[in-house]
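Report on the structure given below.
2 protein chains.
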Amino acid sequence: MTQTLHFAEALTPEGFQRDLFVRVEDGVIAEVGAGRPQAGAERIAGLTLPGMPNLHSHAFQRGMAGLGERRGAGDDSFWTWREVMYRFLDRLTPEDVQAIAAQAYAEMLEGGFTAVAEFHYLHHDVDGRPYGDLAAMARAIAEAAKETGVGLTLLPVLYRQGGFGPQPPTQGQRRFICDRDRFARLVEESARAIADVPDATWGVAPHSLRAVTPEDLAFAEDLAAGRPIHIHVAEQEKEVADSLAHNGLRPVEALFESASVNARWCLIHATHLTHAERDRIAASGAVAGLCPVTEANLGDGIFDGAHFRERGGFFGVGSDSNVEIGVAQELRMLEYSQRLRDRRRGRMADAGASVGRALYDNALAGGARACGRSIGAIAVGRRADFVTLDANHLALVARSGDAVIDSALFASSALPVSEVRVGGRCVVKNGRHIAKETVAKRFAAVMRALLD
Amino acid sequence: MTQTLHFAEALTPEGFQRDLFVRVEDGVIAEVGAGRPQAGAERIAGLTLPGMPNLHSHAFQRGMAGLGERRGAGDDSFWTWREVMYRFLDRLTPEDVQAIAAQAYAEMLEGGFTAVAEFHYLHHDVDGRPYGDLAAMARAIAEAAKETGVGLTLLPVLYRQGGFGPQPPTQGQRRFICDRDRFARLVEESARAIADVPDATWGVAPHSLRAVTPEDLAFAEDLAAGRPIHIHVAEQEKEVADSLAHNGLRPVEALFESASVNARWCLIHATHLTHAERDRIAASGAVAGLCPVTEANLGDGIFDGAHFRERGGFFGVGSDSNVEIGVAQELRMLEYSQRLRDRRRGRMADAGASVGRALYDNALAGGARACGRSIGAIAVGRRADFVTLDANHLALVARSGDAVIDSALFASSALPVSEVRVGGRCVVKNGRHIAKETVAKRFAAVMRALLD
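See the structure below:
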């Protein structure tokens, strides 16, 4: 199928271009030509940006957004929040997960994310036994992606143990646990489950250094065979302390010790690092998978983005717990957390540059790399994923060029999106997902049944 | 004029009440009675909260939202941002200010703020000379409040000098400067300018310790005569250093030295404090006027809210630079900045309590005190300012009680508002300000003329 789109203005690797004609063949950009009118082209007003990849999501957690905001009896932390999360997922069925994931994905698309890397660890039935269809939960994710149109990188998670030691899994973790054989089958069946999701791909995700051994890590690398590998690392100070106590190494040191960390890797959070660890990640080409809203919500701490960017490190953003979903929210929180720490402004841009543009460009490149798909730019060979900003939005009025991106990210709570296309297909019109009503209604019914 | 409202559910000082009937006389709550049906009552679905006061705004800055996000040639800071702001206000006319303020106030109402304390320092004509109508700019603010319906506390600002020393005002400050006589007249005429804005009041605002002398401060206290007094204090580390160099005292120490700080005072920002200074503010009954979004945007630093709240200090929130406007955005950023610093969750609530509810209740009380008006609660004698949340919003589905507030603040980018009433008058319906189109159109025209 061929489409020709005529963008009033679009951001390409060569910069902003007016009256840009783009030919799309089967969802992929086949030709990009400025100012050469083509018959039958569909005109798209406003400024169009490449759609942003969301490099880290636990979709089902959208259903518990806000439910962890009651302070515990004692001190509240990531670890007490995790207990709330374990209780929430206790009863979820594949149908529930599909309904919640579809809601999360529709919100992602409305918020400017056109692709998601789903870090998928809720594998088994409520009693911890595998479903008859081992990939039943992966299939739920695939269906949600297909229904909403978001681009998918499915990352089945290898979760072997409850903590360093190894500690046995807790009751709350029973639905995550796989031995290696079962995990290999799960990956194989998950790959089949996404076969009919347009342009979807998969990778593997050893959960964290506390949940897998170095041998598991090697096993996961083999399984990935060149595809993306994601891992949670150094999110919490306790994890750093536990790692040091376990093997005398900090988590990132331990990871580099046991794996060949390279551009296929995405290190999620990577919050608590020494300068040397940060430099090592930057030099490896691995992506730092930052989740600024969730990291603020969970009280994780502040990634030193200013330092990492100066070293040429790749980073992207993820909505992680999905407590709040949107490109502007994540990029803004990333910059603001740097500012609050450094008591300076303009942390994530070079001198003289637009902060919004620098954030957006960097997160596109890092996000595309982490998702392992040909996305993240309006250029030949990339997927036709476009986010068009509403030129009439009051935060953007009389702005042009980079200033549109600055104002879209900093002067509007959410990205002022008018239209979103994924693989050329329009899935958000006038700021609303095309299946919003259906998806929302099912989500609401599932939530009422779960929470009542 | 008498109205009777029937709230499906409302938050009163006694807690959540279902089927609450409220009688409003001339914009003021005259009777609150649960479950006694009254003829002709207008039913309001969803959960209704007391409208939130916005205790600090520079309305005109809404027009430059996002324009300060280009990193300077050197290090970027509050002080470089201030230069951008001075250039932006260089040519503004009273008509421009009215148009921009109306836009800001309409957005405040949509975001859950029903009252604003306008810290108003743009007094004079473009050449620095007073307008023929000395209160021309105050009148522009009053008109914007009247047009949008937001409750107003107008705070004419006394700005005497460019910095400690004293330093003479810079060119960028020429439109702010008043001597004491002119300021007294300006206050008098400003009071007249707001006479026909429903329930509006006024106070005075010595700009900061760098912009006024101790004698000016005493003069301002006299003028206020029991009304609110607001002052910027300890926003920036440089201000602390300059104050110490000037008189050997930190800003808050200097303020307590020269003024009788009490519950009439609102100390804006108060970011850089010693524990002793924070304790002293808490004990005085003065309100800490926090502006979390702006303080993040400007790289000011993090107020120690967790400590201040434990000491029983009053605080409220303000949208300040109006780079982003909304109750949820401010309260969330307040809590998140504490979490990022402390690496713990639930900072602004007692053990076992809802964080959202604690933030909301505290900011209501502090905001009402700072605005010097009878607002901030659904109770007899208070202004009938109500914010109703959209019960069908997906972030709120199947939540009840405090969990609704938690999810409204943390799981939705903006407060999911369906309806807003100020003094009983409905000014936001279905989440949109009733004059949105008119206000927006004029704002856009003004912005195009200013930025083109």
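These protein sequence lines are chains A and B, in that order.
The numbering of the first sequence is our numbering, which starts it at 1 and goes up by one.
The numbering of the second sequence is our numbering, which starts it at 1001 and goes up by one.
Yeah, the Cβ is synthetic: ideal placement off N, Cα and C, and Gly gets one too.
As the structure is a prediction and not an experimental result, all values here were calculated from the model.
Checklist entry - Whose Cβ in chain A lies nearer than 9 Å to the Cβ of Ser1413(B)? => result Gly111, Glu324, Ile325, Gly326, Ala328, Gln329, Ser413 and Ala414
Checklist entry - Since Gly1376(B) and Ala1384(B) are thought to touch, with beta carbons under 8 Å apart, how far apart are those beta carbons, to the nearest angstrom? => result Their Cβ separation, rounded to whole angstroms, is 12 Å, which puts Gly1376(B) and Ala1384(B) out of contact at 8 Å.
Next on the checklist: Distance check for Leu1450(B) and Val1126(B), CA to CA, integer angstroms please.
Outcome noted: 14 Å
Item to check | Euclidean distance between Cα positions of Arg1343(B) and Gly301(A) | outcome: 6 Å
Item to check | Which of helix, strand or coil DSSP assigns to Leu1409(B) | outcome: Here DSSP, grouped into helix, strand and coil, assigns Leu1409(B) to helix.
Checklist entry - Should the segment 1023-1037 of chain B be regarded as contacting the segment 1071-1088 of chain B, the criterion being three or more beta carbon pairs within less than 8 Å? => result no
Item to check | Where Phe384(A) sits in the DSSP three-state scheme | outcome: One detail in the question is off: residue 384(A) reads as Ala in this sequence, not Phe. Annotated three-state conformation of Ala384(A) is coil, per DSSP.
Item to check | Coil, strand or helix - Phe1219(B) by DSSP | outcome: helix
Item to check | CB-CB length for Ile325(A) against Glu107(A), believed under 8 Å | outcome: 4 Å
Next on the checklist: Residues of chain A with CB closer than 7 Å to the CB of Phe1443(B), please, in chain order.
Outcome noted: Leu394
Item to check | One or two residues paired with Arg421(A) in a DSSP bridge | outcome: Phe386(A) and Cys426(A)
Item to check | Expected contact under 8 Å - CB spacing of Ala1395(B) and Gln1329(B) to nearest Å | outcome: About 14 Å; that fails the 8 Å criterion.
Next on the checklist: Give me, in chain order, the residues of the same chain whose beta-carbon lies closer than 8 Å to that of Pro206(A); leave out the 5 immediate sequence neighbours on both sides.
Outcome noted: These residues qualify, in order along the chain: Val157, Leu158, Val212, Asp216, Leu217, Ala220, Ile229 and Ile231.
Item to check | Span separating the alpha-carbon of Arg369(A) from that of Gly1066(B) | outcome: 29 Å
Item to check | Neighbour list for Gly1046(B) in chain A, Cβ cutoff strictly below 8 Å | outcome: Going along chain A, no residue has its Cβ under 8 Å from Gly1046(B), so there is no contact; the nearest lies around 15 Å.
Checklist entry - Around the Cβ of His1275(B), are there at least 16 other Cβ atoms within 10 angstroms (buried) or fewer (exposed)? => result exposed
Item to check | Ser1260(B): contacting residues in chain A (beta-carbon distance under 8 Å) | outcome: Per Cβ cutoff of 8 Å: no residues; Ser1260(B) is ~31 Å from chain A at best.
Checklist entry - Along the segment 1290-1306 of chain B, what residues have a CB closer than 9 Å to any CB found in chain A? => result Val1293, Glu1295, Ala1296, Asn1297, Leu1298, Gly1299, Asp1300, Gly1301 and Ile1302
Checklist entry - Considering Gly367(A), what are the terminal residues of the alpha helix (DSSP H) in which it resides? => result Counting along the chain, the alpha helix (DSSP H) containing Gly367(A) begins and ends at Val355 to Cys371.
Checklist entry - Interface residues of chain A around Met1447(B) at Cβ under 7 Å? => result Val397 and Ala398
Item to check | beta-carbon Tyr105(A) near the ligand PLP non-hydrogen atom, thresh 7 Å | outcome: As presented, the structure is devoid of all ligands, the ligand PLP included, so that no description of it is given.
Checklist entry - Are any of the Cβ atoms in chain E nearer than 8 Å to that of Gln98(A)? => result In the displayed structure, chain E is absent; the protein chains listed are A and B.
Item to check | Leu1389(B) beta carbon less than 8 Å from that of Leu1049(B) | outcome: yes
Item to check | Reduced DSSP category for Ala1045(B) - H, G, I as helix; E, B as strand; rest coil | outcome: strand
Next on the checklist: On the DSSP letters alone, give me the boundaries of the alpha helix (DSSP H) that Pro292(A) sits inside.
Outcome noted: Pro292 to Asn297
Checklist entry - Would you call the CB atoms of Ser243(A) and Leu290(A) closer than 8 Å? => result no
Checklist entry - Which residues, in chain order, does the segment 1074-1102 of chain B contribute to contact with chain A at a C-beta distance below 8 Å? => result Gly1074, Asp1075, Asp1076, Ser1077, Phe1078, Thr1080 and Trp1081
Checklist entry - Taking Cβ positions only, does Glu1069(B) come closer than 8 Å to chain A? => result yes
Checklist entry - Would Arg1192(B) be called buried (16 or more neighbouring beta carbons within 10 Å of its own) or exposed? => result Looking at its Cβ environment, which holds fewer than 16 other Cβ atoms inside 10 Å, Arg1192(B) is exposed.
Next on the checklist: Would Gly237(A) pass as an interface residue toward chain B - the criterion being a Cβ-Cβ separation below 8 Å?
Outcome noted: Correcting the residue type first, residue 237(A) is Glu in the shown sequence and not Gly. Using a CB distance cut-off of 8 Å, Glu237(A) counts as an interface residue toward chain B.
Next on the checklist: In whole angstroms, give me the CA-to-CA distance for Lys1429(B) and Ala1435(B).
Outcome noted: 10 Å
Checklist entry - In chain B, which residues lie less than 9 Å from Asp406(A) when you measure between Cβ atoms? => result Gly1066, Leu1067, Gly1068, Glu1069 and Arg1070
Next on the checklist: Restricting to runs no shorter than 3 residues, where is the beta strand (DSSP E) found entirely within the segment 1229-1293 of chain B?
Outcome noted: 1229-1233, 1265-1269 and 1287-1290
Next on the checklist: Rounded to whole angstroms, what is the Cα-Cα separation between Leu359(A) and Phe1443(B)?
Outcome noted: Leu359(A) and Phe1443(B): Cα-Cα distance of roughly 28 Å.
Next on the checklist: With three or more beta-carbon pairs closer than 8 Å as the criterion, would you say the segment 1405-1424 of chain B touches the segment 1055-1073 of chain B?
Outcome noted: no
Next on the checklist: Taking its Cβ as the centre, do 16 or more other Cβ atoms sit within 10 Å of Val1380(B), making it buried, or is it exposed?
Outcome noted: exposed
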